[in-house]
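Each step along the sequence shown adds one to the number in the UniProt record's numbering, with nothing skipped, and position 18 is 18.
Ideal placement from N, C-alpha and C gives every residue a C-beta, glycine not left out.
Single-structure report; data block below.
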Amino acid sequence: HTGDRPFACPLCGKAFKQSNALASHRRVHTGERPFACRTCGKAFKQSSYLAVHRRAHTGERPYGCQDCGKAF
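Have a look at this one:
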């Protein structure tokens, strides 16, 4: 918990605690989108963005309001 950020982007200088965060950040500069939807082909920089996108095809609404019951 030292706050050290030893992994710095050589292009912009932004620093990260973990090397995988730097690898993900580099896609901002390269435009790489390695995570593609098998249904429609739309591609994303992060796998988590693809996971959210997949719900557009499945109709899944995993979050529900405890007050009104509405799902989103």
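### Contact under 8 Å by Cβ, F35 with L22
Looking up residue 35 in the sequence shown gives position 35. Looking up residue 22 in the sequence shown gives position 22. No, Cβ-Cβ distance for F35 and L22 is not below 8 Å.
### Task
Whole angstroms is fine: what's the gap from Q46's alpha carbon to D67's?
Here residue 46 is taken as the residue at index 46 of the sequence shown, counted from 1. Here residue 67 is taken as the residue at index 67 of the sequence shown, counted from 1. Their Cα atoms are separated by approximately 32 Å.
### Query
Which value, in whole angstroms, describes the spacing of the CA atoms of A71 and P10?
As a working note, residue 71 is residue 71 in the sequence shown. As a working note, residue 10 is residue 10 in the sequence shown. Taking the straight line from one Cα to the other gives about 43 Å.
### Message
Within a Cβ cutoff of 8 Å, which residues of the same chain sit near F7, ignoring the five residues on either side of it in sequence?
### Response
Residue 7 sits at position 7 when you count from the first residue of the sequence shown. Only A15, F16, K17, Q18, S19, A21 and L22 meet the Cβ criterion.
### Task
Below 6 Å CB to CB, which residues in the same chain sit around G64 once its five sequence neighbours on both sides are set aside?
Mapped onto the sequence shown, residue 64 falls at position 64. Counting only Cβ-Cβ distances below 6 Å, and skipping sequence neighbours, we find A71.
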